[in-house]
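Notes for the one structure printed next.
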Amino acid sequence: MDALGHFESSIKERLSKELTSLGFTGDFTLERPDHEMADLALPCFQFAKSLRKAPQVIAKELCASLSPDEHIGKVWEDRGYLNFRVNESLLGPLVIHEALDHRENFGRGVPRPGRILLEHTSVNPTGPIHVGRARNPLIGDTLARCLRMCGHQVITEYYVNDVGKQVVLLTWALAHLTEKDVPPADREKTDYKLVGYYQVANKLMESSTEVAAEISQMTQRFEAGDPDTIMNVRRTVDMMLDGIRESLSSINVTLDHYTFESQYILDGSARDVVERLKASDYAMVEDGADYLNLEEFGVHGRDTRFFFTRKDGTTLYTTRDLAYHLDKFRRAEQLLNILGEDQKLGQKQLASALQILGSERIPECIYYSFVSLPEGRMSTRKGLVVYLDDLLDEAVERAYNEVCTRRPDLDDDKKRQIAKDIGVSAVRYNMIRVQAEKQLIFKWEEALNFEGNSAPFVQYAHARCCSILRKIGEYNKQADLSVLSDPFERRLIWTLAQFPEVVMQAGEKRRINMLPIYGHELASALNQFYGAVQVLRSEHQDARLCLVEATRWALHNALITMGIAAPEEM
RNA sequence: GGGCGGGUGGCCUAGUCUGGAUAUGGCAGCAGCCUCCUAAGCUGCAGGUCGGGGGUUCGAAUCCCCCCCCGCCCGCCA
33 MDALGHFESS IKERLSKELT SLGFTGDFTL ERPDHEMADL ALPCFQFAKS
83 LRKAPQVIAK ELCASLSPDE HIGKVWEDRG YLNFRVNESL LGPLVIHEAL
133 DHRENFGRGV PRPGRILLEH TSVNPTGPIH VGRARNPLIG DTLARCLRMC
183 GHQVITEYYV NDVGKQVVLL TWALAHLTEK DVPPADREKT DYKLVGYYQV
233 ANKLMESSTE VAAEISQMTQ RFEAGDPDTI MNVRRTVDMM LDGIRESLSS
283 INVTLDHYTF ESQYILDGSA RDVVERLKAS DYAMVEDGAD YLNLEEFGVH
333 GRDTRFFFTR KDGTTLYTTR DLAYHLDKFR RAEQLLNILG EDQKLGQKQL
383 ASALQILGSE RIPECIYYSF VSLPEGRMST RKGLVVYLDD LLDEAVERAY
433 NEVCTRRPDL DDDKKRQIAK DIGVSAVRYN MIRVQAEKQL IFKWEEALNF
483 EGNSAPFVQY AHARCCSILR KIGEYNKQAD LSVLSDPFER RLIWTLAQFP
533 EVVMQAGEKR RINMLPIYGH ELASALNQFY GAVQVLRSEH QDARLCLVEA
583 TRWALHNALI TMGIAAPEEM
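As numbered in this note's numbering, residues 33 to 602 make up the first sequence, in order.
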């Protein structure tokens, strides 16, 4: 357990004893109020009824029976609350040494059993990734980092949609068209180039019955499981994926595995799912097409019918997704999916079908709302779209201009490196700082914010720590830390002490937006300390250096957990 | 029509699961702070019917009911 946890549980235990002797048994809440007020607080209103005493009286009685000890620094009563100040002469040294000893691992949880397979991104490989879709990899990658920091073993995976008319059409296009048939691409990247081929082929298919027939035949061969056709399409998709991977990599997202949907046609497991579902009590047939009746599973109205084959007997996307989930459960104990909010019904149906198939586990899903533009929903066809690559370029360029005006002393390579660290991070931070369910309207000025609640703000605080530490070189890490007692130092220590708990909560509750919130809070505490307290050449230099370095590690680790660079200079 | 999710100062947002003290920050605005460890910073001011209405409670942004607004879904597509 982390330092703060020891304090909290010790105080809670003592309270529990005192409450029992007053006649109260059961659970109670101990809260962390605003730090100005107290470190921990016990609202005594919750005991008033069963003890038949006024809250103020209870608080006073508890206060009288509790004296400061190893963990309690101060205890007092205030309008029905029992307030605590933790024993700061113990907490400070404990937390600071914890950070100084563990450095990159400060805040890391103990290893936990069981593998988590986290599926994220999984965008259809039909074109470059746009900012609407980018929310998925950013949430997924950040959650993966966070869970790993918590001590979990996490495998990340992209489920590649290489089945369907769109990708077949694209494959046809690559076989029958050349560069001169298509308009020039916006970028020298495969995902941009392929879009032109797709558009031209799509027009051809609409105007020519011959082309349409060829594509239809290809699709049929594909669904019949013809290995050559499937591998051919897969090669096309892989080209598209190269471009997507490049974009993901530029925002610091990489995935462990890519699983192709067509695999479940090739290996017959989608067929197995069909056979097993057909044999179930919930299976029905309409006009040759099979479906499940999910009325018993709480799926209402028209949605109760969940089709898993076409009338020609071929499998559907959802059937293959079932095979995929059964496969995933063979590879991991726990499944996590990051999905757009449009997938909710499908996942409900999928979970029901998994139960029918006898699976004891279902995936846990995290849904996010779509990112739209002020003009409306993003649409490639309407040209209402902002590509991730363009956003990143713009962010890095703006960051470069900022670096040039602020740090003319640096050489150009250094400036470019810092610009990249800052620009990319600003975009990442802004996407993950808002809870996933909230709908997001993309605005350039917000996405490129470098001040206030932003990545550069947190990075800047980290760079400030590094700058101080760089100037001093060696210092005495065994300095007496009890001298750290002014309000800014105490505030910083208190915030620092929260870090392990924040990582744990962010991971376990799947609320990664706690990370940027905390990062901002810690950076803010450091900046206030920095403005008010002299470190170098001060009376308490070494003790303060310990605090600065401890803060440096917490900031560093918070940034890395968010997938954000932690530059030592900016 | 049904289901799910969101609604918090001009704008963005935390807190809602697990009810508690003056509702968290940021942006924009106004007023200050660089002979001193990086001013991407700091200090101060101003700005709020927590969508609306009922209810439960000693106490509601938080729980329950009704309503309003916004988003998403309701294909033998993927």
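The C-beta atom is built at its ideal place from N, Cα and C for all residues, glycine as well.
Practice task
Give a yes or no on contact between the region 311-320 and the region 216-224, applying the rule of three or more CB pairs nearer than 8 Å.
Solution key: Using a C-beta cut-off of 8 Å, the region 311-320 makes no contact with the region 216-224, since fewer than three inter-stretch Cβ pairs fall below that distance.
Problem - Rounded straight-line distance, which links the Cα of Phe338 to that of Asp304 - result: Residue mapping note: residue 304 aligns to position 272 of the first sequence, counting from 1. Residue mapping note: residue 338 aligns to position 306 of the first sequence, counting from 1. Their Cα atoms are separated by approximately 17 Å.
Problem - Residue range of the unbroken alpha helix (DSSP H) whose run includes His129 - result: Along the first sequence, read from residue 1 onward, the residue named residue 129 stands at position 97. Residue range 120-134 is occupied by the alpha helix (DSSP H) that includes His129.
Handout entry: Three or more C-beta pairs below 8 Å linking the region 388-395 and the region 124-137
Key = No, the region 388-395 is not in contact with the region 124-137.
Problem - Spatially closest choice to Ala176 from Leu72, Glu246, Val535, Asp313, by CA coordinates - result: What you label residue 176 is simply residue 144 of the first sequence in a count that begins at 1. If we check each option's Cα against that of Ala176, Val535 comes out closest.
Problem - Sub-9 Å separation of Val269 and Val199 beta-carbons - result: Residue 269 sits at position 237 when you count from the first residue of the first sequence. Residue 199 sits at position 167 when you count from the first residue of the first sequence. Against a cut-off of 9 Å, the Cβ pair of Val199 and Val269 comes out as a contact.
Handout entry: Completely contained beta strand (DSSP E) runs for the region 346-374, where each covers 3 or more residues
Key = Runs of the beta strand (DSSP E) inside the region 346-374: 366-372.
Practice task
Please name the residue, chosen from Gln375, Ile276, Leu126, that lies closest to Ala35 on a Cα-to-Cα basis.
Solution key: Looking up residue 35 in the first sequence gives position 3. The candidate whose alpha carbon is nearest that of Ala35 is Leu126.
Exercise for the section: Measure the CB-CB distance between Asn545 and Ile464 and report whether it falls below 9 Å. Expected result: The sequence position of residue 545 within the first sequence is 513, counting from 1. The sequence position of residue 464 within the first sequence is 432, counting from 1. In this structure, Ile464 lies closer than 9 Å to Asn545 by Cβ.
Problem - Those residues which DSSP pairs with Met316 across a bridge - result: Locating residue 316 in the first sequence gives position 284, where the first residue counts as 1. According to DSSP, Met316 bridges with Tyr323.
Practice task
Please go through the same chain and pick out, in chain order, the residues whose beta-carbon is closer than 6 Å to the beta-carbon of Ala80, but skip the five residues on each side of it.
Solution key: One-based indexing of the first sequence puts residue 80 at position 48. For Ala80, where only same-chain residues beyond five positions count, the Cβ hits under 6 Å are Pro87.
Problem - For Trp108, the residue or residues it bridges with in DSSP - result: The sequence position of residue 108 within the first sequence is 76, counting from 1. DSSP lists Asn115 as partners of Trp108.
Exercise for the section: Could you check if Ser312 is buried or exposed, using at least 16 other CB atoms within 10 Å of its CB as the buried criterion? Expected result: In the first sequence, the residue the question calls residue 312 occupies position 280. Exposed, since its Cβ has fewer than 16 Cβ neighbours within 10 Å.
Exercise for the section: Along the alpha helix (DSSP H) that carries Ser404, what are the first and last residues, could you check? Expected result: Sequence index remark: in the first sequence, residue 404 carries index 372 (1-based). Unbroken run through Ser404 is the beta strand (DSSP E), 403-405; no alpha helix (DSSP H).
Problem - Same chain, Cβ closer than 8 Å to Trp585, neighbours up to 5 away in sequence not counted - result: Start at 1 with the first residue of the first sequence, and residue 585 comes out as number 553. Taking C-beta separations shorter than 8 Å and ignoring five residues to either side along the sequence, the partners of Trp585 in its chain run Ala131, Leu132, His134, Arg135, Glu136, Phe138, following chain order.
Practice task
Count the C-beta pairs between the region 93-106 and the region 537-556 that are closer than 8 Å, then say yes if the count reaches three, no if not.
Solution key: Under the three-pair Cβ rule at 8 Å, the region 93-106 does not count as touching the region 537-556.
Exercise for the section: Entirely within the region 156-221 and at least 3 residues each: give me those beta strand (DSSP E) ranges in chain order. Expected result: The DSSP assignment places complete beta strand (DSSP E) segments of no fewer than 3 residues inside the region 156-221 at 185-192, in order along the chain.
Exercise for the section: Quick one: residues in its chain with C-beta nearer than 6 Å to the C-beta of His184, no 5 flanking neighbours on either side, listed in chain order? Expected result: As a working note, residue 184 is residue 152 in the first sequence. Answer for His184: Arg144, Ile148, listed in chain order.
Handout entry: Outcome for Arg460 when other beta-carbon atoms lying within 10 angstroms are tallied against a minimum of 16
Key = The residue you call residue 460 lines up with position 428 of the first sequence. Looking at its Cβ environment, which holds 16 or more other Cβ atoms inside 10 Å, Arg460 is buried.
Practice task
Give every residue of the same chain whose Cβ lies closer than 7 Å to the Cβ of Ala493, excluding the five residues on either side of it in the sequence, and list them in chain order.
Solution key: Translated into positions along the first sequence, residue 493 becomes position 461. Only Ala555, Leu558, Asn559, Leu587 meet the Cβ criterion.
Practice task
Mind checking which residues open and close the beta strand (DSSP E) that includes Thr291?
Solution key: Stepping through the first sequence from its first residue, residue 291 is reached at position 259. Counting along the chain, the beta strand (DSSP E) containing Thr291 begins and ends at 289-292.
Handout entry: Identified DSSP bridge partners for Ile473
Key = Sequence index remark: in the first sequence, residue 473 carries index 441 (1-based). Answer is Ser404, bridged to Ile473.
Exercise for the section: Express the C-alpha separation of Val107 and Leu524 in angstroms, rounding to a whole number. Expected result: Residue mapping note: residue 524 aligns to position 492 of the first sequence, counting from 1. Residue mapping note: residue 107 aligns to position 75 of the first sequence, counting from 1. Our two residues, Leu524 and Val107, have alpha carbons roughly 21 Å apart in a direct line.
Handout entry: Under 9 Å between C-beta atoms of Pro488 and Met602
Key = The residue labelled residue 488 in the question sits at position 456 within the first sequence. The residue labelled residue 602 in the question sits at position 570 within the first sequence. For Pro488 and Met602, yes; Cβs fall inside 9 Å.
Handout entry: Beta-ladder partner(s) of Ile247, from DSSP
Key = To locate residue 247, count along the first sequence from 1; it is residue 215. According to DSSP, which records beta bridges pairwise, Ile247 is partnered with nothing at all.
Exercise for the section: Could you tell me whether the region 472-492 touches the region 420-439, where touching means 3 or more Cβ pairs closer than 8 Å? Expected result: The region 472-492 is in contact with the region 420-439.
Exercise for the section: Verify whether the separation of the beta carbon atoms of Thr261 and Lys197 is less than 9 Å. Expected result: Start at 1 with the first residue of the first sequence, and residue 261 comes out as number 229. Start at 1 with the first residue of the first sequence, and residue 197 comes out as number 165. Against a cut-off of 9 Å, the Cβ pair of Lys197 and Thr261 comes out as no contact.
Problem - Bridge partners - Glu151, DSSP secondary structure assignment - result: In the first sequence, residue 151 corresponds to position 119, counting from 1. Residue pairing by DSSP places Glu151 opposite Glu189, Asn369 in a beta bridge.
Handout entry: Chain-order list of residues whose beta-carbon lies under 8 Å from that of Asp288 (same chain, five-residue window excluded)
Key = The sequence position of residue 288 within the first sequence is 256, counting from 1. Closer than 8 Å at Cβ, skipping near neighbours: Ile187, Thr188, Glu189.
Handout entry: Closest Cα partner of Thr336 within the set Thr347, Gln249, Leu324
Key = Position 304 of the first sequence holds residue 336. Of the candidates Thr347, Gln249, Leu324, the one whose C-alpha sits nearest the C-alpha of Thr336 is Leu324.
Practice task
Return the first residue and the last residue of the alpha helix (DSSP H) that Pro75 is part of.
Solution key: Within the first sequence, numbered from 1, the residue matching residue 75 stands at position 43. DSSP places Pro75 outside any alpha helix (DSSP H); the residue lies instead in the beta strand (DSSP E), whose first and last residues are 72-75.
Handout entry: Ile398 (DSSP reduced to helix, strand or coil)
Key = As a position in the first sequence, residue 398 is number 366, starting the count at 1. Here Ile398 carries a strand assignment [DSSP, helix/strand/coil].
Exercise for the section: Along the beta strand (DSSP E) that carries Phe338, what are the first and last residues, could you check? Expected result: The sequence position of residue 338 within the first sequence is 306, counting from 1. Element bounds for Phe338: 337-339.
Exercise for the section: In angstroms with no decimal places, state the Cα-to-Cα distance between Phe531 and Leu472. Expected result: Reading the first sequence from its first residue, position 499 is the one you call residue 531. Reading the first sequence from its first residue, position 440 is the one you call residue 472. So the two alpha carbons sit approximately 28 Å from each other.
Practice task
Would you identify the three-state DSSP class for Arg409, choosing helix, strand or coil?
Solution key: Looking up residue 409 in the first sequence gives position 377. Arg409 falls in the strand class under three-state DSSP.
Problem - Identified DSSP bridge partners for Glu63 - result: If you number the first sequence from 1, residue 63 lands on position 31. Under the DSSP definition of a beta bridge, Glu63 partners with Ala73.
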